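Novice:
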Amino acid sequence: MEKPLDEYETLNEFFYRRLKAEARPIAAKDDPAVLVSPCDCRIHVFPTVTEAKTIWVKGKRFNIRNLTGSERAASVFENGSVVICRLAPTDYHRFHSPVQGVVGDDPFAWLGQEYYTVKKLAICTPLNVLTENKRLYFSIRTEVFGEVGVVIVGAAHVASIKMSKREGEEVKKGEELGYFAYGGSTVVLLFKEGAVQYDDDLLSNSKGGAETLIKMGDSLGKRAGSGPLFAASTS
């Protein structure tokens, strides 16, 4: 913890407490080509949305357009990969940047009205948890991975999503982006087709339908190639 227990005035303040920096070391901190987990979570990585729907997300309306509320995002991330980070109420509830870049200039897009639970059993049913829950969509422009989509999803008992960064601000890998108030919640990352080579253990577990318990700052994978595909989007 960042400060002694008796200095937290409310349970909610303790719930979204900061940790000491050394509590969550950032994998390959100075290498922008290494992707890291944005939070403490139970994680799935899928090379395509189709695989995500086949193996894990059973909501009938799950696609990039419905998740982000953006036709542009649906085009940018068509055939791209998906990372689903599911937080339990007991987890550290601040989320951080998985990459080095600049938060997109477009206004943050607030979507949805529901607060369904994000427990494993709910996501694996036809309930449209990720496309109907209250959520926030924005992008991060990077020189290494190109445009990266970020969806912050609220859940049962989550009163609010608070952002620490604003549109157009630079962000370092592992730097705080924001936090959730009390409850379970989810962070979804979107990458362009062919942008990421995920770590083998995460791919293997995900293909078998198993989540992997991971900490913020742990490695998720690395850049899969080089060249124009990875140029930061300016549109």
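Take any residue in the sequence shown, count from 1 to its spot, add 22: that is its number in the numbering used here. C-beta atoms are modelled at their ideal positions from N, C-alpha and C, and glycine is treated no differently. Small disclaimer: the values here were computed from a predicted structure and weren't measured.
#1: Spatial neighbours of L224 within its chain, please: CB distance less than 7 Å, with the 5 preceding and 5 following residues excluded, ordered by chain position.
#2: Please look up how many angstroms separate the CB atoms of V170 and R157, rounded, as I've assumed it's under 8 Å.
#3: Reducing DSSP to helix, strand and coil, say where L242 ends up.
#4: Are L152 and G91 touching if we call contact CB-CB under 8 Å?
#5: Less than 8 Å between the CB atoms is what I'm expecting for T208 and I106, so what's the real figure, rounded?
#6: What residues are listed by DSSP as bridge partners for V218?
#7: To the nearest angstrom, how far is the alpha carbon of G239 from that of A246?
#8: Using a Cβ distance threshold of 8 Å, determine whether the stretch 47-58 contacts the stretch 117-130, with at least three qualifying pairs required.
#9: So, using beta-carbon positions, are F160 and V125 closer together than 8 Å?
#10: Look at K75 and G196 and say whether their C-beta atoms are less than 8 Å apart.
#11: Where does the unbroken beta strand (DSSP E) through I48 begin, and where does it stop?
#12: Hey, quick one: how far does the beta strand (DSSP E) through V173 stretch, first residue to last?
#13: Are there 16 or more other CB atoms within 10 angstroms of the CB of G230, so buried, or fewer, so exposed?
#14: Please report the straight-line C-alpha distance between T112 and M185, rounded to a whole angstrom.
#15: Can you give me the C-alpha to C-alpha distance between N227 and T72, rounded to a whole angstrom?
#16: Can you tell me the Cα-Cα spacing of E100 and R46, whole angstroms?
#17: Apply the 10 Å Cβ neighbour rule to P148 and answer buried if 16 or more other Cβ atoms are within range, or exposed otherwise.
#18: Just the C-alpha distance for E93 and A43, rounded to the nearest angstrom, thanks.
#19: Whose C-beta lies closer than 6 Å to the C-beta of R116 among residues of the same chain, with five residues either side of it excluded?
#20: Could you tell me the boundaries of the beta strand (DSSP E) in which T234 lies?
#21: Going straight from the alpha carbon of L109 to that of Y220, what length do you get?
Specialist: In short:
#1: Position 202 of the sequence shown, counted from the first residue, corresponds to residue 224. Apart from the 5 residues on each side of it in sequence, L224 sits with its Cβ closer than 7 Å to the Cβ of I65, V67, T234, L242 in its chain, given in chain order.
#2: Counted from its first residue, the sequence shown places residue 170 at position 148. Counted from its first residue, the sequence shown places residue 157 at position 135. Actually they do not touch by this definition, with Cβ atoms about 16 Å apart.
#3: Indexing the sequence shown from 1 puts residue 242 at position 220. L242 falls in the strand class under three-state DSSP.
#4: In the sequence shown, counting from the first residue as 1, residue 152 sits at position 130. In the sequence shown, counting from the first residue as 1, residue 91 sits at position 69. No, the Cβ-Cβ distance between L152 and G91 is not below 8 Å.
#5: Position 186 of the sequence shown, counted from the first residue, corresponds to residue 208. Position 84 of the sequence shown, counted from the first residue, corresponds to residue 106. Beta-carbon to beta-carbon, T208 and I106 are separated by about 7 Å, close enough to satisfy the 8 Å threshold.
#6: Counting from one through the sequence shown, the residue named residue 218 turns up at place 196. Residue pairing by DSSP places V218 opposite R245 in a beta bridge.
#7: If you number the sequence shown from 1, residue 239 lands on position 217. If you number the sequence shown from 1, residue 246 lands on position 224. Taking the straight line joining both Cα atoms gives about 19 Å.
#8: When C-beta atoms of the stretch 47-58 are compared with those of the stretch 117-130, three or more pairs fall below 8 Å, so the two segments count as touching.
#9: What you label residue 160 is simply residue 138 of the sequence shown in a count that begins at 1. What you label residue 125 is simply residue 103 of the sequence shown in a count that begins at 1. Yes, these two residues count as a Cβ contact at 8 Å.
#10: Working through the sequence shown from its first residue, we reach residue 75 at position 53. Working through the sequence shown from its first residue, we reach residue 196 at position 174. It is not a contact, given that the beta carbons lie outside the stated cut-off.
#11: Position 26 of the sequence shown, counting from 1, holds the residue named residue 48. For I48, there is no enclosing beta strand (DSSP E), since its DSSP letter is neither H nor E.
#12: Locating residue 173 in the sequence shown gives position 151, where the first residue counts as 1. That run of the beta strand (DSSP E) goes 169-175.
#13: For the purposes of this step, residue 230 is taken as residue 208 along the sequence shown, with counting starting at 1. Exposed: under 16 other Cβ atoms inside 10 Å.
#14: Here residue 112 refers to the residue found at position 90 of the sequence shown. Here residue 185 refers to the residue found at position 163 of the sequence shown. Spanning the alpha carbons of T112 and M185 requires a straight line of approximately 20 Å.
#15: On the sequence shown, residue 227 is found 205 positions in, with the first residue counted as 1. On the sequence shown, residue 72 is found 50 positions in, with the first residue counted as 1. Roughly 17 Å separates the two Cα atoms.
#16: Your numbering for residue 100 matches position 78 in the sequence shown. Your numbering for residue 46 matches position 24 in the sequence shown. Using only the alpha carbons, I get a separation of about 33 Å.
#17: For the purposes of this step, residue 148 is taken as the residue at position 126 of the sequence shown. Confidence is the limiting factor: at P148 the pLDDT is only 45, short of 50, which leaves the residue's position unreliable, though a coordinate-based value still follows. P148 counts as exposed, since fewer than 16 other C-beta atoms from the protein chains shown sit within 10 angstroms of its C-beta.
#18: Along the sequence shown, read from residue 1 onward, the residue named residue 93 stands at position 71. Along the sequence shown, read from residue 1 onward, the residue named residue 43 stands at position 21. Distance from the CA of E93 to the CA of A43, rounded to the nearest whole angstrom, comes to 38 Å.
#19: Residue 116 sits at position 94 when you count from the first residue of the sequence shown. Same-chain partners within the cutoff: E198, Y201.
#20: Translated into the one-based positions of the sequence shown, residue 234 becomes position 212. 234-236 is the span of the beta strand (DSSP E), which, as asked, contains T234.
#21: Along the sequence shown, read from residue 1 onward, the residue named residue 109 stands at position 87. Along the sequence shown, read from residue 1 onward, the residue named residue 220 stands at position 198. Approximately 20 Å, taken between the alpha carbons.
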